[in-house]
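**Q** Structure provided below as structure tokens; questions to follow.
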Amino acid sequence: MAGEIILKVRDIHKSYGSTEVLRGISFDVQKGETKVFIGSSGTGKSTLLRCINQLTVPDRGQVWLHGEEVTHSGKEINRLRQKIGMVFQNFNLFDHLTARKNVEVALIKVRKMNRKEAGDKAMEELVRVGLEDKADLYPAELSGGQAQRVSIARALAMDPDVMLFDEPTSALDPELTGEVLQVMKDLAQNGMTMLVVTHEMGFACSVANEIIFMEKGEILESGSPSELICNPRYDRTKQFLNKLGELYGDIGRQR
Amino acid sequence: MNDTITLIFKALPFILQGTFVTLKIVAGALLVGFICGLALAVGQVYGRPFLSGSVAFYVWFFRGLPNLVLLFLFYYGLFPLMGLDVSAFFIAVTALGLRSSAYQSQLFRGCIQSLGEGQMMAARSLGMTRPQAVWNIILPQALRISLPGWSNEYPILLTDSAVTYAIGVMEILTRGNLVVSRTYQPMPIYMTCALIFIIMNYGGMKMLHLLERRLQIPGFGRGEH
Ligand SMILES: Nc1ncnc2c1ncn2[C@@H]1O[C@H](COP(=O)(O)OP(=O)(O)OP(=O)(O)O)[C@@H](O)[C@H]1O
Ligand SMILES: [Mg+2]
Chain Y
1 MAGEIILKVR
11 DIHKSYGSTE
21 VLRGISFDVQ
31 KGETKVFIGS
41 SGTGKSTLLR
51 CINQLTVPDR
61 GQVWLHGEEV
71 THSGKEINRL
81 RQKIGMVFQN
91 FNLFDHLTAR
101 KNVEVALIKV
111 RKMNRKEAGD
121 KAMEELVRVG
131 LEDKADLYPA
141 ELSGGQAQRV
151 SIARALAMDP
161 DVMLFDEPTS
171 ALDPELTGEV
181 LQVMKDLAQN
191 GMTMLVVTHE
201 MGFACSVANE
211 IIFMEKGEIL
221 ESGSPSELIC
231 NPRYDRTKQF
241 LNKLGELYGD
251 IGRQR
Chain V
1001 MNDTITLIFK
1011 ALPFILQGTF
1021 VTLKIVAGAL
1031 LVGFICGLAL
1041 AVGQVYGRPF
1051 LSGSVAFYVW
1061 FFRGLPNLVL
1071 LFLFYYGLFP
1081 LMGLDVSAFF
1091 IAVTALGLRS
1101 SAYQSQLFRG
1111 CIQSLGEGQM
1121 MAARSLGMTR
1131 PQAVWNIILP
1141 QALRISLPGW
1151 SNEYPILLTD
1161 SAVTYAIGVM
1171 EILTRGNLVV
1181 SRTYQPMPIY
1191 MTCALIFIIM
1201 NYGGMKMLHL
1211 LERRLQIPGF
1221 GRGEH
């Protein structure tokens, strides 16, 4: 797949105090591609995703979306962020708004759509994640899986060019994980560009174009699922994959 | 006994006029306290260090002074020094309101901070500016959470409003005192005043409780399901 490169990440560095969390991360993302990031806790996966949409400002390095610099973009960041959807581990739904209003609110306040348009668009996105019948429920009335699907709909409503998922299923019961992964698979198959931090190797194997293994703030190795899983170059990668296997069952298991 | 009842009924219309003054002081101070308190809280949480520091100083100052001292400072000091000739009522609302804002700001700050940074991150990730996120996402939630605690401000201000007697605002206690100075019958009159305060307190708390229920977010609190 030699498509157009829509996201470029170059030499991202980030430290908190004296701890270097990211130590020079670079990669390119092609349109329609899904990249999966794995790596042990504290290696900076979340920080990396947040650096991409500048929720965390990196100390050094650049991010480009469609050739436009996202880092150092000043006020333009609010426009650029609309094009970079983000899904969080613990959903972060707006608790005072119904599912539909959660999806609507940015359309009205940021995209300045009128209520009717925004409402229709919100319903469309809720249909896409299979939750049209939950539109009028509040987050506290939804199951974890439903809440995460609403948060995906909320991000999709902005018509993003790329979606960032930070461990979208790790706060969910195993039974609920599947419904969220299914929505993500559908998205990937419909050509969405996605960066996903997850340890769901079944998902990674069936959807990812590339798996990136991060270690101590660096990319240790990367490759297609079959390359990385069957033939990891480093012992460290092998160890990590074995540990995942022990924790989550056989790698390559399909959901 | 009959004399006492007659006295109370004769004095009542005069004293009851004070309830409107008291209510206006309380409502005014609550409003000043709410608007300033909210602005202070937002400034303290989201402002640069200098702004946060200034808010902390403001809070420390206004919480550290007894009501009466603040009232006198405003009445004899601040406003005359600024060359402003304002009514005692206006001074009462300003002093009690600013003091209340110091307390309210800390209540709001706690509620804003209890939301966690996830809400702000989610809002910003959708392209909202910081003010948009604060206004549309953070404050609607923080204010709902703050309502039970905020209800405290009403009885506090209601009872505090009586100190404005000291600068001659024609509220309930001032009027009661005027009656006492003419009739030399303190007990029945002060008991009448006490009863009025208690009824006002009860009514106000009832209304706040209703408001709290109306603003409830479904699926949250109360344990109804
Ligand atoms: N706001 C912050 N302030 C200080 N340190 C932070 C902050 N955010 C992250 N860190 C530190 O940065 C390191 C990387 O954190 P990060 O959350 O990016 O890791 P991660 O790979 O996502 O881990 P996990 O798999 O547990 O989610 C950790 O050591 C963490 O303590
Ligand atoms: Mg993380």
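Residue numbers (my numbering), protein chains in the order written: chain Y, 1 to 255; chain V, 1001 to 1225.
Backbone N, C-alpha and C fix where the C-beta goes; we use that ideal spot for every residue, glycine too.
Would the beta-carbon of Thr1164/V be found less than 6 Å away from any heavy atom of ligand 1?
**A** Result no, Cβ not under 6 Å from ligand 1.
**Q** Looking at chain V, which residues of the stretch 83-101 of chain Y have a Cβ within less than 7 Å of any of its Cβ atoms?
**A** Residues passing the 7 Å Cβ filter: Met86, Phe88, Asn90, Asn92, Phe94, Asp95 and His96.
**Q** Assuming Met214/Y and Lys45/Y form a contact by the criterion Cβ under 8 Å, report the distance between their Cβ atoms to the nearest whole angstrom.
**A** Yes, they are in contact, since the Cβ atoms of Met214/Y and Lys45/Y sit about 6 Å apart, within 8 Å.
**Q** Check whether the Cβ of Ser46/Y lies closer than 6 Å to any heavy atom of ligand 1, and answer yes or no.
**A** For ligand 1, at least one heavy atom lies less than 6 Å from the Cβ of Ser46/Y.
**Q** Given a cut-off of 7 Å on the beta-carbon distance, is the pair Arg60/Y and Gly217/Y in contact?
**A** Not closer than 7 Å, so no.
**Q** For the structure I just gave you, are there three or more beta carbon pairs, one from the stretch 147-162 of chain Y and one from the stretch 77-87 of chain Y, closer than 8 Å?
**A** Output reads yes: the stretch 77-87 of chain Y touches the stretch 147-162 of chain Y.
**Q** Taking Cβ positions, are Val1045/V and Arg1144/V nearer each other than 7 Å?
**A** In this structure, Arg1144/V does not lie closer than 7 Å to Val1045/V by Cβ.
**Q** Name, in chain order, the residues that DSSP records as bridge partners for Ser222/Y.
**A** Answer is Ile212/Y.
**Q** Check whether the stretch 107-125 of chain Y and the stretch 1120-1139 of chain V are in contact - that is, three or more C-beta pairs closer than 8 Å.
**A** Yes, the stretch 107-125 of chain Y is in contact with the stretch 1120-1139 of chain V.
**Q** Does the CB of Ala106/Y have a neighbour CB from chain V at under 7 Å?
**A** Judged by the 7 Å Cβ criterion, Ala106/Y is in contact with chain V.
**Q** Which residues in chain Y sit within 7 Å of Gly1127/V, going by Cβ to Cβ distance?
**A** Simply Asn78, Arg79, Arg81, Gln82, Ala106, Val110 and Met158.
**Q** Do Ser226/Y and ligand 1 come close, with the Cβ less than 6 Å from some heavy atom?
**A** Checking every heavy atom of ligand 1 against the Cβ of Ser226/Y, none is found closer than 6 Å.
**Q** I'd like to know whether the C-beta of Glu1224/V is nearer than 7 Å to at least one C-beta of chain Y.
**A** Reliability of the predicted coordinates at Glu1224/V is poor, the pLDDT of 45 falling under 50, and the value obtained from them is presented with this limitation in mind. No, because no Cβ of chain Y sits closer than 7 Å to the Cβ of Glu1224/V.
**Q** Give the residues of chain Y in contact with Gly1118/V, contact being defined as C-beta atoms less than 7 Å apart.
**A** Neighbours of Gly1118/V on chain Y, chain order: Phe88, Asn90 and Asn92.
**Q** Does DSSP put Ser26/Y in a helix, a strand or coil?
**A** Correct three-state label for Ser26/Y: strand.
**Q** Between the alpha carbons of Asn209/Y and Ser40/Y, how many angstroms are there, rounded?
**A** Distance between the alpha carbons of Asn209/Y and Ser40/Y is about 21 Å.
**Q** Just checking: is the beta-carbon of Ala1027/V within a distance shorter than 7 Å of some beta-carbon in chain Y?
**A** No, Ala1027/V does not count as interfacial toward chain Y.
**Q** Could you give the DSSP three-state label for Tyr16/Y: helix, strand or coil?
**A** Three-state DSSP puts Tyr16/Y in a strand.
**Q** The beta strand (DSSP E) that contains Gly144/Y, what's its start and end?
**A** Counting along the chain, Gly144/Y falls outside any beta strand (DSSP E), though it belongs to the alpha helix (DSSP H) covering Gly144 to Leu156.
**Q** Just to confirm my understanding: we take Ala1102/V, look at its own chain, exclude 5 residues before and 5 after, and list those with CB closer than 7 Å. What are they?
**A** Excluding positions up to five away in sequence, the list reads Tyr1058, Val1059, Phe1062 and Arg1063.
**Q** Any beta carbon of chain V sitting closer than 7 Å to that of Leu55/Y?
**A** Yes, contact with chain V.
**Q** What would DSSP say about Gly61/Y, mapped onto helix, strand or coil?
**A** Three-state DSSP puts Gly61/Y in a strand.
**Q** If you count every other CB in all the chains shown that lies within 10 Å of the CB of Gly1083/V, and 16 or more means buried, which is it?
**A** Per the 10 Å Cβ criterion, exposed.
**Q** Measuring from the CB of Thr43/Y, is there a heavy atom of ligand 1 at a distance below 6 Å?
**A** Thr43/Y: yes, Cβ under 6 Å from ligand 1.
**Q** So, does the CB of Met1207/V fall closer than 7 Å to a CB anywhere in chain Y?
**A** Met1207/V does not count as touching chain Y.
**Q** Quick check on DSSP: helix, strand or coil for Gly1223/V?
**A** Here Gly1223/V scores only 46 on pLDDT, less than 50, and its place in the model should not be relied on; the value that follows carries that caveat. Three-state result, Gly1223/V: coil.
**Q** Using a Cβ-Cβ cutoff of 9 Å, what residues of the stretch 135-158 of chain Y are near chain V? List them in chain order.
**A** Those would be Leu137, Tyr138, Pro139, Ala140, Glu141, Leu142, Ser151, Arg154, Ala155, Ala157 and Met158, in chain order.
**Q** By the criterion of Cβ-Cβ separation under 9 Å, what are the contact partners of Pro1218/V in chain Y?
**A** Those within 9 Å of Pro1218/V in chain Y are Thr98, Leu137, Tyr138, Ala140 and Glu141.
**Q** Run down chain Y in chain order and give the residues with a C-beta less than 7 Å from the C-beta of Gln1141/V.
**A** Result: Asp95 and His96.
**Q** Distance check for Thr1183/V and Phe1009/V, CA to CA, integer angstroms please.
**A** If I take the Cα positions, the gap works out to 13 Å.
**Q** Kindly indicate the opening and closing residues of the beta strand (DSSP E) around Asp166/Y.
**A** Element bounds for Asp166/Y: Val162 to Asp166.
**Q** Taking a cut of 7 Å between CB atoms, which residues from the stretch 1099-1124 of chain V lie near chain Y?
**A** Flagged, chain order: Gly1118, Gln1119, Met1121, Ala1122 and Arg1124.
**Q** Count the other CB atoms within 10 Å of the CB of Asn242/Y; is the residue buried (16 or more) or exposed (fewer)?
**A** Result: exposed.
**Q** When you compare the CB positions of Leu93/Y and Pro58/Y, do they come within less than 7 Å of one another, or not?
**A** No.
**Q** Could you check whether the Cβ of Ile1138/V sits closer than 7 Å to any Cβ belonging to chain Y?
**A** Taking Cβ atoms only, chain Y never reaches closer than 7 Å to Ile1138/V, which makes this a no.
**Q** Would you tell me roughly how many angstroms separate the C-alpha atoms of Thr47/Y and Val1055/V, rounded to the nearest one?
**A** Approximately 32 Å, taken between the alpha carbons.
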